[in-house]
Amino acid sequence: MADEIPRLVVDRTSPVPLYFQVAQHLEHLIESGAYPPGTRLDNEIVLADQLGLSRPTMRRAIEYLVDRGMLVRKRGVGTQVVQPKVRRPVELSSLYDDLRAAGKQPRTEVLSFDVQTPSEVVAEALGLDDTAEVYVVRRLRFAGDDPLSIMTNHIPTTMVDLDAEMLARTGLYELIRAAGITLKIATQSIGGRAAKAAEARLLNEKPGAPLLTMTRVAYDEVGRAVEYGSHLYRASMYTFELTLTTT
2 MADEIPRLVV
12 DRTSPVPLYF
22 QVAQHLEHLI
32 ESGAYPPGTR
42 LDNEIVLADQ
52 LGLSRPTMRR
62 AIEYLVDRGM
72 LVRKRGVGTQ
82 VVQPKVRRPV
92 ELSSLYDDLR
102 AAGKQPRTEV
112 LSFDVQTPSE
122 VVAEALGLDD
132 TAEVYVVRRL
142 RFAGDDPLSI
152 MTNHIPTTMV
162 DLDAEMLART
172 GLYELIRAAG
182 ITLKIATQSI
192 GGRAAKAAEA
202 RLLNEKPGAP
212 LLTMTRVAYD
222 EVGRAVEYGS
232 HLYRASMYTF
242 ELTLTTT
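Number 229 in our numbering belongs to position 228 of the sequence shown; there are no gaps in the numbering.
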């Protein structure tokens, strides 16, 4: 059971809803390690009393974190902290860089590494003719000991020298940067589907488990297509995060 929750001073004049202020406070405690996975929280009445808030406000904050996969409610156990999802901002960065920045200890297993003539879809995406060749790299990316993503990338062989050993040691974008290429912009689509049996085995999921999908074409500062990526992520451990603004 968690110790008494550190006091939160809510700003009742702020346009940010009270429940969201509370949820962010709890989220910080979870992500900082103050409340590690497995920690049980007091019930909503006790928590609301500790923070000087109403029970509906506390309940909504808890529900928000349950929806985000940071807390789980278990009958007979109560509310418990679970392993937080990797939250990735939708911007031009690599999963390896994002995991390292978040202290998640990225690790890579190279599943296959080949040089091939690109398929029609890949050739069109990368602006290549039928004489071109691309590296085709399939990797399993871990966050610590947990498999997180299956990544398939196509990179023109004229862009950068790659080998499987390099890609097992570090991230693809780090190798691209080391080759003097600056990635500037990308087109990206995000979706979802069920895991096939082989994918489920690699990701330690059950067949049919929900997966997030991402397809990306990244370009350098002069508009050359550098990489075509098709990635799968465990929805149980991973989420994309967007910030929306008005104009």
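Every residue gets a Cβ at the ideal spot worked out from N, C-alpha and C, and that includes glycine.
Quiz prompt | the segment 172–179 in contact with the segment 111–130 per 3-pair CB rule at 8 Å | solution = With the cut-off at 8 Å, the segment 172–179 and the segment 111–130 do not touch.
Quiz item: Would DSSP call residue 174 helix, strand or coil?
Solution: Looking at residue 174 - three-state DSSP - the assignment turns out to be helix.
Quiz prompt | residue 63 - containing beta strand (DSSP E), residue span | solution = Per DSSP, residue 63 lies in no beta strand (DSSP E) segment; the continuous alpha helix (DSSP H) that holds it begins and ends at 56–68.
Self-check item: residue 215, DSSP secondary structure in three states
Solution: Here residue 215 sits in strand by DSSP.
Self-check item: Buried or exposed (CB count within 10 angstroms, at least 16 for buried), residue 90
Solution: Per-residue confidence for residue 90 stands at a pLDDT of 49, beneath the threshold of 50, marking its modelled position as unreliable; the derived number appears in the next sentence. By the 10 Å Cβ count, residue 90 comes out exposed.
Quiz item: Nearest CA to the CA of residue 193: which residue from 187, 213 and 56?
Solution: Residue 193 has its Cα closest to that of 213, out of 187, 213 and 56.
Quiz item: With contact counted as at least three CB pairs below 8 Å, one residue from each stretch, are the segment 143–157 and the segment 181–197 in contact?
Solution: Verdict: no, contact absent.
Exercise. Decide if residue 122 is buried, meaning its Cβ has at least 16 other Cβ atoms within 10 Å, or exposed.
Key: Exposed: under 16 other Cβ atoms inside 10 Å.
Exercise. For residue 90, name the three-state secondary structure that DSSP assigns.
Key: A caution first: residue 90 carries a pLDDT of 49, below 50, which makes its placement in the model unreliable, though a value can still be read off. DSSP, reduced to helix, strand and coil, places residue 90 within a strand of the structure shown.
Quiz item: Looking at C-alpha atoms only, which residue of 10, 233, 235 and 229 is the closest neighbour of residue 120?
Solution: Comparing Cα positions, the closest option is 229.
Quiz item: Between residue 44 and residue 63, what straight-line distance do the alpha-carbon atoms span, to the nearest angstrom?
Solution: Near 10 Å, if we compare the C-alpha coordinates of residue 63 and residue 44.
Quiz item: DSSP on residue 36, reduced to helix/strand/coil?
Solution: Residue state, collapsed to three classes: coil.
Quiz item: Expressed to the nearest angstrom, what Euclidean distance is found between the alpha-carbon atoms of residue 92 and residue 220?
Solution: For residue 92, the pLDDT reaches just 47, beneath the cut-off of 50, and the residue's location in the model is therefore unreliable, leaving the point undetermined.
Exercise. Please go through the same chain and pick out, in chain order, the residues whose beta-carbon is closer than 8 Å to the beta-carbon of residue 15, but skip the five residues on each side of it.
Key: These residues qualify, in order along the chain: 22.
Exercise. Could you please give the first and the last residue of the uninterrupted beta strand (DSSP E) stretch that includes residue 111?
Key: Element bounds for residue 111: 107–117.
Quiz item: CB-CB under 6 Å to residue 217, same chain, minus the five flanking residues each way: which ones, in chain order?
Solution: In chain order, 187, 189 and 230 place their CB closer than 6 Å to the CB of residue 217, counting only its own chain and leaving out the 5 sequence neighbours on each side.
Practice problem: Could you name the residues of the same chain whose beta carbon sits closer than 6 Å to that of residue 126, not counting the 5 residues immediately before and after it, in chain order? | Solution: Cβ within range, chain order: 218 and 229.
Self-check item: Close-in-space but distant-in-sequence residues of the same chain around residue 107 (CB under 8 Å, 5 per side omitted)
Solution: Sequence-distant Cβ neighbours of residue 107 in its own chain, meaning closer than 8 Å and more than five residues away, are 96, 97, 100, 101, 142, 143, 144 and 172.
Quiz item: Is it buried or exposed for residue 246, if we count other Cβ within 10 angstroms and need 16 for buried?
Solution: Because the pLDDT at residue 246 is just 47, under 50, the model does not fix this residue reliably, and the point stays unresolved.
Quiz item: Nearest to residue 205 by alpha carbon, out of 161, 232 and 236?
Solution: It is 236.
Exercise. Give a yes or no on whether the C-beta atoms belonging to residue 333 and residue 65 are separated by under 7 Å.
Key: In the structure as shown, the chain starts at 2 and stops at 248, and residue 333 therefore has no counterpart that could be examined.
Self-check item: C-beta atoms of residue 196 and residue 210 nearer than 7 Å
Solution: Going by C-beta atoms, residue 196 is nearer than 7 Å to residue 210.
Self-check item: Counterpart residues of residue 154 in DSSP-defined beta bridges
Solution: Residue pairing by DSSP places residue 154 opposite 138 and 230 in a beta bridge.
Self-check item: Alpha-carbon to alpha-carbon, residue 19 and residue 11
Solution: Roughly 7 Å separates the two Cα atoms.
Quiz item: Buried or exposed: where does residue 78 fall if 16 or more other Cβ atoms within 10 Å of its Cβ makes it buried?
Solution: Burial call: exposed.
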